[in-house]
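Engineer: Chains as they are written, first to last, in the numbering used here: chain A, 1 to 345; chain B, 346 to 690.
There are 2 protein chains.
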Amino acid sequence: MRISLDAYGGDFAPDVNIRGALDYLEESKKAEVILTGSEEKLKALLGKGHPRISIVHAPDLIDMAEKASSQLRHRKESSLYKCIDLTAQGATDACVSAGSSAAMMALSLLLLKRIKDVERPALVTPIPTLKKEPCYGLDMGANVDCKPIHLLHFALMGHAYAQVIKNIDRPRIGLISNGEEETKGNELTRETHQLLKAIPEINYAGYCEGRDIFTGDFDVVICDGFVGNVILKTSEGLAETLMHLLKANFSSSLLGKLGYLLARNSLRPLKQKLDYAEYGGAPLLGIGGVSIISHGRSSALAIKNALHAAEKNVKEGLVKRLNQAMNFQSPTLAPKEALNEKVGQ
Amino acid sequence: MRISLDAYGGDFAPDVNIRGALDYLEESKKAEVILTGSEEKLKALLGKGHPRISIVHAPDLIDMAEKASSQLRHRKESSLYKCIDLTAQGATDACVSAGSSAAMMALSLLLLKRIKDVERPALVTPIPTLKKEPCYGLDMGANVDCKPIHLLHFALMGHAYAQVIKNIDRPRIGLISNGEEETKGNELTRETHQLLKAIPEINYAGYCEGRDIFTGDFDVVICDGFVGNVILKTSEGLAETLMHLLKANFSSSLLGKLGYLLARNSLRPLKQKLDYAEYGGAPLLGIGGVSIISHGRSSALAIKNALHAAEKNVKEGLVKRLNQAMNFQSPTLAPKEALNEKVGQ
């Protein structure tokens, strides 16, 4: 198991990236990590080094604010480009970056190519629920302006991903909307709703309201990447705010303070459930390799878990399974025809 | 102060509506409430009645799932139609309904008309923040497919509303997006961002990520009604889920249980801050009257507070102030020209 890690991706790079890699290697005794970035600086930071860490020199950095335009194609000396290219060349089994997700997606597409028939790869992330298992949301930020066919692909890929990760036959899939009734939704969801209803291979359960994401009634929820990002960031922000308010309220009285001290250990599992770092990165589904995008604010723990996630996805043959999902059989139509007919191409 | 209340709007109507009206009248000693709905049933439920409650008979009910189509125009015997029409006829100062928000909006538009230049009225709701004052979001569900000009109007109306409610001169306005950088956003937000930057009358602070809604750094956040509804419902669902998990975690150990008992009183202000019922309904901004849309799952408390909100908006001359906001002066262009030029009409 060899994983390439963009040492300069993320708000706290390269320190937390190196820490995360070392922690991962501590737990995964046969794995190797290849860091991409400034060789000189990384060598200095690594000190005497690690037998299963190597460095591939990449002097150029891609800024978070840079547009994922075609210019990126020519930035072959960037730590991100090298990171993905190592996987594309077969030198690593998977790649991980906490850098610009737009750039990560653009370069993953360019270098690892798409799975047949997938127009837009999607980011999938776990969302904590009242039940034991999380709900998987996609697309959580890769594609801001989507068409119904893209959301259909997300549903098929989410179906395959949940089958792998949750080990269930027919994951329950919901389409994020502003109400449960068929008359709700916007132009995009209404058209997508009709498409999804017509695919017997997936267990499409209709519209899912924002409040129902957390009940655990849905295994997978589908939306465009703009809405997905808003859901993700809103949830993160609200959870942090609530924990903050909770602590402030506890501290406002002596009894409250005492109660908090007594209850503090009981809060730990909740905090863990909400911490994105616990889940590691978000795989980009629909490309011909395992490419994990980590949160820009990744901690060492998040990087470590992203490396574990990459390893798991490789071992479970994720790419092969996604390929199979896109080859879905409709009772009356061949897959390609089914897709094309339904979007009127 | 006379307010019409749709007695048959909402999931728990008419019982909680009657309870809410009675509680409101208990607190607002000079107000009157006119209930619209089945006279026979309402009379039976009211028993010996209340000196400041009257009933206007409306035998027809509008189902939550019904499309807010032109057919609604002809449903003049519905409790919702009568409720709004009373305000349109000048018989009441404001109207409140917890029924279908789409129908409420369509009929409010039809009967109360729009404020000059406002193409799409918007729902505004408070969102709790880390600071004392909430942030006001619009549109929170009235318009699912918006154009940049609509979001510009939302910003102008949000500006005026926050001035009234928060008593500040230059409310800080953010545009919901999937990142802070200018290169982020979708087609809609990118175009809107350019429009908003060009209006000197408002204090536009740029893109606002989902996580920043709760910091209190923004007084007003703008988005289309689909995204707004998703933000609102996601927040509600997550807050409920967290409170549930919190309690479950507390109960999982003896110390936790004891801590919870000691801290319970400290939790009350937090619960209050998160409960939409505390804030009452959401005013529909941009129409020529005070029209309050309550949550479909409104409790008696929510109905009571919606009636209080209606009263406050009438007393503060909300409609007049919104009219003034739409007459904004640009240094170089007349308002109508400014708007039209910027959207290329």
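We put the beta carbon where it would ideally sit given N, CA and C, even for glycine.
When we look at the beta-carbon of Ser-54/A and count the other beta-carbons within 10 Å, is it buried (16 or more) or exposed?
Structural biologist: Under this definition Ser-54/A is an exposed residue.
Engineer: From which residue to which residue does the alpha helix (DSSP H) around Ser-550/B run?
Structural biologist: For the record, residue 550/B in the displayed sequence is Ala; it is not Ser. Premise fails: Ala-550/B lies in the beta strand (DSSP E), 548 to 553, not in any alpha helix (DSSP H).
Engineer: Enumerated in chain order, which unbroken segments of the beta strand (DSSP E) with a length of 3 residues or greater are wholly contained in the region 559 to 612 of chain B?
Structural biologist: Counting whole runs of 3 or more residues, the region 559 to 612 of chain B contains the beta strand (DSSP E) stretches 565 to 567.
Engineer: Listed from N- to C-terminal order along the chain, which residues in the region 220 to 242 of chain A have their beta-carbon within a distance smaller than 9 Å of any beta-carbon of chain B?
Structural biologist: Residues Cys-223, Asp-224, Gly-225, Phe-226, Val-227, Gly-228, Asn-229, Val-230, Ile-231, Leu-232, Lys-233, Thr-234, Ser-235, Glu-236, Gly-237, Leu-238, Ala-239, Glu-240, Thr-241, Leu-242.
Engineer: Within 8 Å (strictly less), CB to CB, does Asp-212/A reach chain B?
Structural biologist: So, interface residue.
Engineer: Do we get a CB-CB distance below 8 Å when we pair Ile-725/B with the residues of chain A?
Structural biologist: Absent from the structure is residue 725/B, since the part of chain B shown begins at 346 and ends at 690.
Engineer: Against Ile-521/B, what residues of chain A qualify as contacts under a CB-to-CB distance less than 7 Å, listed in chain order?
Structural biologist: Here the neighbours are Val-230.
Engineer: Measure the CB-CB distance between Leu-380/B and Arg-397/B and report whether it falls below 8 Å.
Structural biologist: No, they are not a contact pair.
Engineer: Please report the residue range of the alpha helix (DSSP H) in which Asp-85/A lies.
Structural biologist: Here the alpha helix (DSSP H) through Asp-85/A covers 79 to 88.
Engineer: Going by the DSSP bridge assignment, what does Gly-174/A pair with across the sheet?
Structural biologist: According to DSSP, which records beta bridges pairwise, Gly-174/A is partnered with Val-221/A.
Engineer: Rank Ala-647/B, Asp-514/B, Ala-433/B by C-alpha distance to the C-alpha of Ser-636/B and give the top, closest one.
Structural biologist: Cα-wise, what sits closest to Ser-636/B is Ala-433/B.
Engineer: Which same chain residues end up closer than 8 Å to Glu-464/B when comparing Cβ atoms and leaving out the 5 residues on each side of it in sequence?
Structural biologist: Ile-494, His-495, His-498, listed in sequence order.
Engineer: Tell me which same chain residues have a C-beta within less than 8 Å of the C-beta of Val-459/B, skipping the five on either side of it?
Structural biologist: Looking at the sequence itself, residue 459/B is Arg, so the reference to Val does not match. So the list reads Pro-466, Gly-631, Ile-632, Gly-633, once near-sequence residues are dropped.
Engineer: Go through its chain and collect everything with a Cβ distance to Asn-548/B's Cβ below 7 Å, but skip five positions before and after it.
Structural biologist: Correct list, in chain order: Arg-515, Pro-516, Arg-517, Ile-518.
Engineer: Tell me Gly-354/B's beta-bridge partners as DSSP assigns them.
Structural biologist: BP columns for Gly-354/B are empty, so no partner.
Engineer: Please compile the residues from chain B whose C-beta is within a distance smaller than 8 Å of the C-beta of His-244/A.
Structural biologist: Chain B residues near His-244/A: Leu-475.
Engineer: Does DSSP classify Glu-478/B as helix, strand or coil?
Structural biologist: Coil at Glu-478/B, not helix or strand.
Engineer: For the region 570 to 580 of chain B against the region 473 to 490 of chain B, do three or more pairs of beta-carbon atoms, one drawn from each stretch, fall closer than 8 Å, so that the two count as touching?
Structural biologist: Yes: at least three Cβ pairs fall under 8 Å.
Engineer: Does the structure place the region 300 to 320 of chain A close enough to the region 347 to 367 of chain B that three or more beta carbon pairs sit under 8 Å?
Structural biologist: No: fewer than three Cβ pairs fall under 8 Å.
Engineer: Measuring alpha carbon to alpha carbon, tell me which residue in Tyr-81/A, Thr-92/A, Ala-91/A, Ser-97/A is nearest Leu-107/A.
Structural biologist: Nearest of Tyr-81/A, Thr-92/A, Ala-91/A, Ser-97/A to Leu-107/A, Cα basis: Tyr-81/A.
Engineer: Starting from the beta carbon of Asn-186/A, find every residue of chain B whose beta carbon is closer than 7 Å, and list them in chain order.
Structural biologist: Those within 7 Å of Asn-186/A in chain B are Val-489, Asp-490, Phe-571.
Engineer: Residues in its own chain within less than 6 Å of Glu-191/A by CB, not counting five upstream and five downstream?
Structural biologist: Pro-148.
Engineer: Is the beta carbon of Ala-282/A less than 8 Å from the beta carbon of Ile-293/A?
Structural biologist: Yes, the Cβ-Cβ distance between Ala-282/A and Ile-293/A is below 8 Å.
Engineer: Does chain B have any CB closer than 8 Å to the CB of Leu-255/A?
Structural biologist: Chain B, which has a Cβ nearer than 8 Å to the Cβ of Leu-255/A, makes this yes.
Engineer: Whose C-beta lies closer than 7 Å to the C-beta of Thr-560/B among residues of the same chain, with five residues either side of it excluded?
Structural biologist: Hits under 7 Å: Thr-474, Leu-475.
Engineer: Find the nearest neighbour of Leu-455/B within the set Lys-529/B, Glu-554/B, Val-469/B, Lys-421/B, judged by alpha-carbon distance.
Structural biologist: Answer by Cα proximity: Lys-421/B.
Engineer: Return helix, strand or coil for Pro-545/B, following the three-state DSSP convention.
Structural biologist: It is coil, neither helix nor strand.
Engineer: Just how far apart, CA to CA, sit Gly-179/A and Met-449/B?
Structural biologist: So the two alpha carbons sit approximately 15 Å from each other.
Engineer: Name, going along the chain, the residues of the region 534 to 560 of chain B whose beta-carbon falls closer than 9 Å to a beta-carbon of chain A.
Structural biologist: Listed in sequence order: Thr-534, Glu-554, Gly-555, Arg-556, Asp-557, Ile-558, Phe-559, Thr-560.
Engineer: Ends of the alpha helix (DSSP H) at Leu-367/B?
Structural biologist: Here the alpha helix (DSSP H) through Leu-367/B covers 360 to 372.
Engineer: Would you call Gly-47/A buried or exposed, if buried means 16 or more other Cβ atoms sit within 10 Å of its Cβ?
Structural biologist: Burial call: exposed.
Engineer: Can you tell me where the alpha helix (DSSP H) holding Ser-453/B begins and where it ends?
Structural biologist: Here the alpha helix (DSSP H) through Ser-453/B covers 446 to 457.
Engineer: Let me make sure I understand the geometry here. Which of Glu-372/B, Asp-356/B, Leu-431/B has the alpha-carbon closest to that of His-752/B?
Structural biologist: What the structure shows of chain B is the stretch from 346 to 690, and residue 752/B is not part of that stretch, so it cannot be assessed.
Engineer: How many angstroms separate the CA atom of Cys-135/A from the CA atom of Glu-311/A?
Structural biologist: C-alpha separation (whole angstroms): 21 Å.
Engineer: Taking the Cβ atom as the reference point for each residue, do Arg-211/A and Lys-578/B lie within a distance shorter than 8 Å?
Structural biologist: Cβ distance < 8 Å, so Arg-211/A and Lys-578/B count as in contact.
Engineer: So Gly-486/B contacts chain A; which residues on that side make the cut at Cβ distance below 7 Å?
Structural biologist: Within 7 Å Cβ-Cβ: Asn-178.
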